[in-house]
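The structure under discussion appears below in the form of structure tokens.
There are 2 protein chains.
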Amino acid sequence: MMTMVQRKTRNPEQTRNDLLDAAYTEILESGFQAASLERILANTSVSKGALYHHFGTKRDLGLAVIQEVIGPQLEGRWFNMLAQHSDPIRGLLKLIEEKIASADESVIRYGCPLNNLIQEMSPLDESFRQGLQKIIERWVEVVAEALKEGQASGKVRAGTAPQDIALFIVASIEGCVGLGKNAQSVTAYQRCLKQLQVYIQSLAV
Amino acid sequence: MMTMVQRKTRNPEQTRNDLLDAAYTEILESGFQAASLERILANTSVSKGALYHHFGTKRDLGLAVIQEVIGPQLEGRWFNMLAQHSDPIRGLLKLIEEKIASADESVIRYGCPLNNLIQEMSPLDESFRQGLQKIIERWVEVVAEALKEGQASGKVRAGTAPQDIALFIVASIEGCVGLGKNAQSVTAYQRCLKQLQVYIQSLAV
DNA sequence: GAAGATACCGACTAAGCGGTATCTTGTCAA
DNA sequence: TTGACAAGATACCGCTTAGTCGGTATCTTC
């Protein structure tokens, strides 16, 4: 008969969220494949049994992080910002400006969690790829929609394809973050985004 | 007493190159951390003893791949192309055009080996970061230099910072490749690069 | 308050990993 | 021809990994 040290009060939701949060951090720092379940458990003081009660496999945990942590994070920021500006150009510039201003150590060191997972996992696991792709598509769509409305209200140059431009903008952002991360340089990151601002400005009428 | 089945004729250089090539492929397909030495050996029919004769650690092998495979690959293409065009805009457009035209399965599936390693390894290993950064800096410098000469000869708009623009161009390329890879879509990849061409064209006088 | 379900515990397993030790064999200079 | 060393071969080691499983504690329901 073993004596078990269990949590006094149960809280399955909190346990699940703790795991999701810790997994998010661990994946951000080490990548998914190199992410260690043992380390995640150590950082949460959740037991292995509890982990495997909530998530069937490491893979399931990773997919949950994508859908429940990374997705909503991005959705909140971009959707809200572009919704509250009638001029999409101003909204986009503001978003980039925020990224420039809030260039903290985490972004410079670990980059974009979405992009990290894309580069690592999308060729290796179709479910990962689809989960990530859904987020990207939503992101591009939000930007494209804003540009489209901007064209309708005469604030964005006509004759350009909003979908293509939105795709390029998102790609450039990921590129800037990636390069800033490798340079370990806030200024390189900011210089790169500044050029993106110049490009965006050129989309105005 | 063991019976050893050895290669009839020795060829240390070839052995080293075989290892480098196989490691490059394995890293491209699985990432560095998940790259398996056993798999590399299986694909080369080189023995573990031979591997560890040529490379001290897995890490050393990875660093050698960066310096001796990935670096030269990029250097050749970009340096030559921009050197043989007097108009840098035309040179850049041609390079992008080539990328668009030669969008093969490997690029769409596995993306850019340089970018992959950056996102995975640069926060984890300072030597990796520096090796990769050297390549990026060289790349940016080649583009910046071309733009600068273009400004001098009146083919590129003055008043813009060549270094910053070059940085942005490289970032955008990596971004386009990354997004195309996740979309598993040649056309998305091409649409993205086409927008980059539009941007580059806007740099002309 | 008993029963059943849910949540959680932690020792264990099997496989794969990078790396090492010890050996043999090919090469080439003396 | 031989000695020395580089190159290659293979068995093995310690460690970490994701995942399992029998068991226990808490919560819910009746």
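So the sequence lines, in the order shown, correspond to chains A and B. Following the numbering used here, the numbering of the first sequence begins with 1 at its first residue and continues without gaps. Following the numbering used here, the numbering of the second sequence begins with 1001 at its first residue and continues without gaps. Ideal placement from N, C-alpha and C gives every residue a C-beta, glycine not left out. Predicted model, so just to flag it, every value in this text is computed and none were measured.
Secondary structure of Val1156(B) (DSSP, three-state): strand. What Ile1118(B) touches in chain A, judged by beta-carbon distance under 9 Å, is Gly111, Gln119, Gly178, Leu179, Lys181, Asn182, going in chain order.
By the criterion of a C-beta distance shorter than 8 Å, Asp1125(B) is surrounded in its chain by Arg1059, once the five residues flanking it on both sides are discounted. Your pair Ile89(A) and Ala204(A) checks out as a contact, with CB atoms roughly 5 Å apart and the cut at 8 Å. Taking Ala158(A) as the centre and dropping the five residues before and after it, the same chain places the C-beta of Gln151 closer than 6 Å to its C-beta, in chain order. Within the model, the alpha-carbon separation for Val46(A) versus Ser1045(B) is close to 44 Å. Identification of chain B residues near Asn115(A) by a Cβ-Cβ cut-off of 8 Å yields Gln1119, Gly1178, ordered along the chain. For the alpha helix (DSSP H) assignment, the uninterrupted runs of no fewer than 4 residues enclosed by the segment 37-120 of chain A are, from N- to C-terminal side, 37-44, 48-54, 58-65, 71-83, 88-101, 105-110. For Leu1193(B), the enclosing alpha helix (DSSP H) starts and ends at 1186-1201. Cβ-Cβ distances below 6 Å link His85(A) to Gly91 in the same chain, with the five nearest sequence neighbours on each side left out; the list follows chain order. A residue is called buried once 16 or more other Cβ atoms fall within 10 Å of its Cβ, and Asn182(A) is buried on that count. Pairing Leu1179(B) with Leu82(A), the inter-Cα distance amounts to about 22 Å. Contact note: Gly1131(B) does not reach chain A at a C-beta cutoff of 7 Å; the least C-beta distance is about 10 Å.
The C-beta of Leu167(A) comes closer than 9 Å to at least one C-beta of chain B. Closest in C-alpha terms to Arg1077(B), from the list Val1143(B), Ser1172(B), Leu1193(B), comes Val1143(B). In this structure, Val1170(B) is the residue among Val1186(B), Glu1026(B), Val1170(B), Gln1190(B) with its C-alpha nearest to the C-alpha of Leu1074(B). Taking 9 Å as the cut-off, the beta carbon of Phe1168(B) is found no closer than this to the beta carbon of Gln133(A).
Here DSSP, grouped into helix, strand and coil, assigns Ala1204(B) to strand. One alpha carbon belongs to Val156(A), the other to Leu147(A), and they sit about 7 Å apart. The beta carbons of Glu120(A) and Phe32(A) sit closer together than 9 Å. Under a criterion of Cβ atoms nearer than 7 Å, the residues of chain A adjacent to Arg1191(B) are, in order, Asp164, Leu167. Taking every protein chain shown into account, the CB of Ser127(A) has fewer than 16 other CB atoms within 10 angstroms, so this residue is exposed. DSSP, reduced to helix, strand and coil, places Thr9(A) outside both helices and strands of the structure shown, so it counts as coil.
Pairing Ile1027(B) with Asp1021(B), the inter-Cα distance amounts to about 10 Å.
By alpha-carbon distance to Ala103(A), the top candidate from Asn11(A), Ser185(A), Asp18(A), Ile66(A) is Ser185(A). Closest by C-alpha distance to Arg129(A), out of Tyr24(A), Arg39(A), Leu63(A), is Leu63(A).
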